[in-house]
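Here this note's numbering is used: the first residue of the sequence shown is 998, the next is one more, and so on.
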Amino acid sequence: MLFYRKSQLQRPPEARANPRYGIPRHLLNEMDAANIELQTKRAEWDSTNNNLELRLHLGPHYHFFNGALHPIVSQAESVWDLTFDKRKTLGDLRQSMFQLLEFWEGDMVLSVAKFVPAGLHVYQMLDGDDLTLCELEIADGEDLFVWNGVEVGGIPIPTGSDCEPLLLHVLHLATSSEGERCPRLVESPHVFPSNAEVGAVLTALAVPVGVLFISATDPAGEENWVAIPEEDLKKTFREQGLRNQSSVLVQDSSDDNSSLLTQGRWFTGMNEMSWLQVQNLCEFESEEKQVKISATVNTVVFDIRIKAIKELKLIKELAENSCLRPIDRNGKLLCPVPDSYTVKEAELKMGSSLGLCPGKAPTSSQLFLFFTVGSDVQPGTEMEIIVEETMSVRDCLKLLLEKSGLPGDTWHLRKMDWCYEAGEPLCEEDATLRELMICSGDTLLLIEGKLPPPGFLKVPVWWYQPGWHTGHWKSHPDQMHGAPSPGGVWRAASTQGAPGDPHGEVSLLYLGDLEISEDATVAELKSQAMTLSSSERVVPSPAFLRAWTVEGRRPGRLLRVNRQPLKEYKLGRKTEICLEPLQKEENLGPQDVVLRTQMRLPGQRAYAPCVDLVWDTGRGWTAGSLRQRVAHFCSLPVEKIEIAKYFPEKFEWLPISSWNQHLTKRKKKKKQDNLQGAPYYLKDGDTIGIKNLLVEDDDDFSTARDDLGKETQKQLALGKKSQEALRVQNGDLFSSTKTPGRPRAPEASLSIHVGSFR
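As structure tokens, then:
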């Protein structure tokens, strides 16, 4: 075979077609095909070796609770997956994030985060915009937390490995309703920073004086409890060698030592712990209510069950129709243990209690599930069922509805999460329980409301009419807080402003839920939503509507392109839409940005009513381009206007200059003139103040309302500082990290997650 240099083949088309040059056409075609294949392989190799998969956790979607960060809604909606080239710099990643998160305002800080048993914890902050991700040692699959670097939801966030939260299992004697100690141990999970003093356990349990014991294992493999000397209570958890899932036993000074410990070993009334206690929970009466069965770690559960039936003197027929179920420290029956398991395989601790119950244990292909109706679950009230793990979600839903006696088909299933709350719905109705990782011991919730079919979204739709258009609507007094019933008005409470002030109130009127395909366009969404509107809110056509997502009880992201499919906007299951009526038709392009402009009233600290301005950013998000557009909109010379962006959460106006030469501490060079980035973070719906320098020439953009807002914030900050100082003085170190929310189930119910379910 002949090989030619590429330079030899670069001949004019007439030469390539002429056989006198001696280069056959098929060789030229083979060369082109080989070059294309080589370029494809190079691109694949480059993507495989240089791309990182990053998991971005968005700060506004999290709240700080019980010592760690937890999603406000769900884990799926709080995490964004991003593929990024590790050869690019941290500054490139941050700029990409600003373009991806159009709703972001203020500083953006990226920090390495990791999941610990207590939740999400933030470690070191990424610094150095000129450094590549490879130089920063960012690993593939790294979790990055996106926030302002200070607080989340108004709560300062502790960062670093020193204060890593530890999830500990704290055991203590139960307290009766009369306040007396009961001879029964209660286990509850608690979270502490690893650099906190060990004595904080006594503070958390409101035990003024007591003794702490930590679990230790001797050379023989037996569990012992070692007391912590009083002088060591000032040491940190890490110094004491405590890790996640460690157990701590708390003994009040008034407790009877014999009920908890003897010679450092935990016992419950017998010197040797090589036994299991079996209680008779069958319908048949017996002379004994419970018996103790001797066992070793290799004893088979079947032998324990048969021996218990004999010692309880029950009928022999129970041997074919009974099972053993572990009883946790709160008295709850856990899922049955298969007869073929050994004590070690069943993870049964010596001295623990088992219940002899009617019914067979599930086979290896079956699941034992708890289920209940609604999301307000009280521990111990669940119903039980055994199903095949190959059963589909649809068939399981029908079976649970039949057993619950619930009519209709407007129900769906959700899996309860670890903190006893409803998790994500089981949307894949044709998937099997095994495919969805449903395990024995899990709790399923029957929730009213039919799920939309695959590929469809169920979107709550609101009607949004800014106050500067037709004035504020009045809401019913009983509907001032929370989501209203259909037809009700919901209003986000805030400081009252002057007429035409867009920051005084936001009124939303609930129209109803809309089921729509993810392949439908924004225009189709508007068209179908018009069918929910009453005769009082009729618009000529969908072009007279503007669609926004609802974020934080006010319009958030603008769905600007009418022909763009909804799936490209990545709307989640929790997304809500509000529709804003317009005075004229609007057809926004992908580069158009909608801004609310307000003209400053001469001689007054006030503004005229808002007027919408559509700005084409095709030439760039520069201050000069925006000033040109605003000047043309106001019919004023560009050198005779000043403009500023309003930050309502701070009650501040930031002037927008054409000469953006802000310097950072890390980079002593001119930043890019891009209003999407710091310090403006300009986006759809932002308010722009305009000052006519022909009639007014000062630098003040603020209003009397801004002065009042800042003073209110200052008073609130002083109040928080005084409350924090009072908490520290009283020794309540952990209550300050909790945010108000809906009541949760008792902590004791969380003990189900410790290896009891398989």
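Don't be surprised by glycine CBs; every beta carbon is placed ideally from N, CA and C. All values derive from a computational prediction rather than experimental measurement.
message = Taking its Cβ as the centre, do 16 or more other Cβ atoms sit within 10 Å of R1488, making it buried, or is it exposed?
response = Translated into positions along the sequence shown, residue 1488 becomes position 491. Because R1488 sits at a pLDDT of 36, beneath the cut-off of 50, its placement in the model cannot be relied upon, and the point is left open.
inquiry  = What would DSSP say about R1551, mapped onto helix, strand or coil?
reply    = Within the sequence shown, residue 1551 is the residue found at index 554, counting from 1. Of the three classes helix, strand and coil, the one that applies to R1551 here is strand, per DSSP.
request  = Determine the direct distance from the alpha carbon of D1439 to that of H1054, and round the result to whole angstroms.
outcome  = Taking the sequence shown and counting its residues from 1, one reaches residue 1054 at position 57. Taking the sequence shown and counting its residues from 1, one reaches residue 1439 at position 442. Using only the alpha carbons, I get a separation of about 27 Å.
inquiry  = Suppose the cutoff is 8 Å on Cβ atoms and the five residues either side in sequence are ignored; what does the same chain contact list for T1080 look like?
reply    = Along the sequence shown, read from residue 1 onward, the residue named residue 1080 stands at position 83. These residues qualify, in order along the chain: N1048, L1049, E1050 and L1051.
request  = Name the residue from G1706, P1645 and L1610 whose alpha carbon lies nearest to the alpha carbon of D1681.
outcome  = The residue labelled residue 1681 in the question sits at position 684 within the sequence shown. Comparing Cα positions, the closest option is L1610.
task = Can you tell me which of the three DSSP states W1101 falls into?
result = For the purposes of this step, residue 1101 is taken as the residue at position 104 of the sequence shown. W1101 falls in the coil class under three-state DSSP.
inquiry  = Between which two residues does the beta strand (DSSP E) holding F1081 run?
reply    = The residue given as residue 1081 occupies position 84 in the sequence shown. Here the beta strand (DSSP E) through F1081 covers V1076 to D1082.
ask   = So, do the segment 1422-1430 and the segment 1390-1401 have three or more beta carbon pairs nearer to each other than 8 Å?
value = yes
message = Please state the DSSP three-state secondary structure of K1688.
response = Stepping through the sequence shown from its first residue, residue 1688 is reached at position 691. Of the three classes helix, strand and coil, the one that applies to K1688 here is strand, per DSSP.
task = Could you pull the start and end residues of the beta strand (DSSP E) that V1627 belongs to?
result = Walking along the sequence shown from the start, residue 1627 turns up at place 630. First-last for V1627: A1620 to C1631, but that is the alpha helix (DSSP H), not the beta strand (DSSP E).
query = What do you reckon, are the CB atoms on I1687 and V1627 nearer than 8 Å?
reply = Translated into the one-based positions of the sequence shown, residue 1687 becomes position 690. Translated into the one-based positions of the sequence shown, residue 1627 becomes position 630. Yes, these two residues count as a Cβ contact at 8 Å.
query = Closest by CA to L1098, which one among R1702, G1207, G1553 and T1369?
reply = The residue given as residue 1098 occupies position 101 in the sequence shown. It is G1553.
ask   = Got a sec? Which residues, its chain only, sit under 8 Å from S1524 by beta carbon, not counting five neighbours each side?
value = For the purposes of this step, residue 1524 is identified with residue 527 of the sequence shown, where counting begins at 1. Correct list, in chain order: P1539.
request  = Leaving out five residues on either side along the sequence, give the residues of the same chain with a beta carbon under 7 Å from the beta carbon of L1006.
outcome  = In the sequence shown, counting from the first residue as 1, residue 1006 sits at position 9. Residue confidence for L1006 is low, a pLDDT of 48 falling below 50, so the modelled location carries little weight; the figure read from the coordinates is stated next. The residues are I1020, L1025 and M1028.
ask   = In its own chain, which residues sit with a C-beta less than 6 Å from the C-beta of D1414, not counting the 5 before and 5 after it?
value = For the purposes of this step, residue 1414 is taken as the residue at position 417 of the sequence shown. Hits under 6 Å: G1420.
key: Three-way DSSP call (helix, strand, coil) for Y1566 in this model   = For the purposes of this step, residue 1566 is taken as the residue at position 569 of the sequence shown. Y1566 falls in the helix class under three-state DSSP.
query = Out of curiosity, what's the CA-to-CA distance linking A1197 and G1146?
reply = As a working mapping, residue 1197 is identified with position 200 in the sequence shown. As a working mapping, residue 1146 is identified with position 149 in the sequence shown. For A1197 and G1146, the distance between alpha carbons rounds to 27 Å.
query = Touch check for the segment 1563-1574 and the segment 1582-1601: three-plus C-beta pairs under 8 Å?
reply = no
message = Just to confirm, is the Cβ distance from R1302 to L1353 under 8 Å?
response = What you label residue 1302 is simply residue 305 of the sequence shown in a count that begins at 1. What you label residue 1353 is simply residue 356 of the sequence shown in a count that begins at 1. Yes, the Cβ-Cβ distance between R1302 and L1353 is below 8 Å.
ask   = What number of angstroms, rounded off, separates the C-alpha of K1038 from the C-alpha of D1137?
value = Translated into the one-based positions of the sequence shown, residue 1038 becomes position 41. Translated into the one-based positions of the sequence shown, residue 1137 becomes position 140. So the alpha carbons of these two residues sit roughly 22 Å apart.
inquiry  = On the CB-based measure, 16 or more other CB atoms within 10 Å of its CB, does T1684 come out buried or exposed?
reply    = As a first step, residue 1684 must be located in the sequence shown, where it is residue number 687. T1684 should be labelled buried.
Beta carbon of P1162 nearer than 8 Å to that of G1056 = Within the sequence shown, residue 1162 is the residue found at index 165, counting from 1. Within the sequence shown, residue 1056 is the residue found at index 59, counting from 1. No; because the gap between Cβ atoms is not below 8 Å, this pair is not in contact.
request  = Could you check the C-alpha separation between P1155 and K1304 for me, to the nearest Å?
outcome  = As a working note, residue 1155 is residue 158 in the sequence shown. As a working note, residue 1304 is residue 307 in the sequence shown. In a straight line, the C-alpha of P1155 is about 54 Å away from that of K1304.
query = Among the residues of its own chain, which have a CB less than 8 Å from the CB of L1403, if the five just before and after it don't count?
reply = Within the sequence shown, residue 1403 is the residue found at index 406, counting from 1. Around L1403: V1370 and L1443.
task = Taking all protein chains shown into account, decide if R1739 is buried (16 or more other Cβ within 10 angstroms of its Cβ) or exposed.
result = Numbered from 1 along the sequence shown, position 742 holds the residue referred to as residue 1739. Any reading at R1739 needs caution, since the residue's pLDDT is 39, under 50, leaving its predicted position unreliable; the model's value is listed next. Exposed.
inquiry  = Check for me: the alpha helix (DSSP H) holding V1519 runs from which residue to which?
reply    = As a position in the sequence shown, residue 1519 is number 522, starting the count at 1. Run containing V1519: V1519 to A1526, per the alpha helix (DSSP H) assignment.
query = Helix, strand or coil for G1328 per DSSP?
reply = The residue you call residue 1328 lines up with position 331 of the sequence shown. If DSSP states are grouped into helix, strand and coil, G1328 belongs with coil.
query = So A1201 is in the alpha helix (DSSP H); what residue range does that whole segment cover?
reply = As a working note, residue 1201 is residue 204 in the sequence shown. It spans A1197 to A1201 - the alpha helix (DSSP H) in which A1201 sits, taken as one unbroken run.
message = Residues in the same chain with beta-carbon distance under 8 Å from C1131, minus the five sequence neighbours each way, listed in chain order, please.
response = In the sequence shown, residue 1131 corresponds to position 134, counting from 1. Hits under 8 Å: K1083 and R1084.
inquiry  = On the DSSP letters alone, give me the boundaries of the beta strand (DSSP E) that E1771 sits inside.
reply    = Absent from the structure is residue 1771, since the part of the chain shown begins at 998 and ends at 1755.
task = Kindly identify the DSSP beta-bridge partner or partners of P1652.
result = The residue labelled residue 1652 in the question sits at position 655 within the sequence shown. Bridge partners of P1652: A1641.
query = Do L1679 and K1642 have their C-beta atoms within less than 8 Å of each other?
reply = Taking the sequence shown and counting its residues from 1, one reaches residue 1679 at position 682. Taking the sequence shown and counting its residues from 1, one reaches residue 1642 at position 645. Result yes, Cβ atoms of L1679 and K1642 sit closer than 8 Å.
query = Opposite M1388 in the DSSP bridges: which residues?
reply = Residue mapping note: residue 1388 aligns to position 391 of the sequence shown, counting from 1. DSSP lists no partner for M1388.
ask   = In three-state DSSP terms, what is T1614?
value = Walking along the sequence shown from the start, residue 1614 turns up at place 617. The answer is coil: DSSP assigns T1614 none of H, G, I, E or B.
query = For V1183, which residues of its own chain have a beta-carbon under 8 Å away from its beta-carbon, when the five flanking residues on both sides are left out?
reply = Numbered from its first residue, the sequence shown carries residue 1183 at position 186. Taken in chain order, the residues that qualify are L1168, H1169, L1170, A1171, R1326, N1327 and A1745.
message = Per the DSSP calculation, L1448 is bridged to which residue(s)?
response = Taking the sequence shown and counting its residues from 1, one reaches residue 1448 at position 451. The partner list for L1448 (beta bridge, DSSP) is empty, contrary to what the question assumes.
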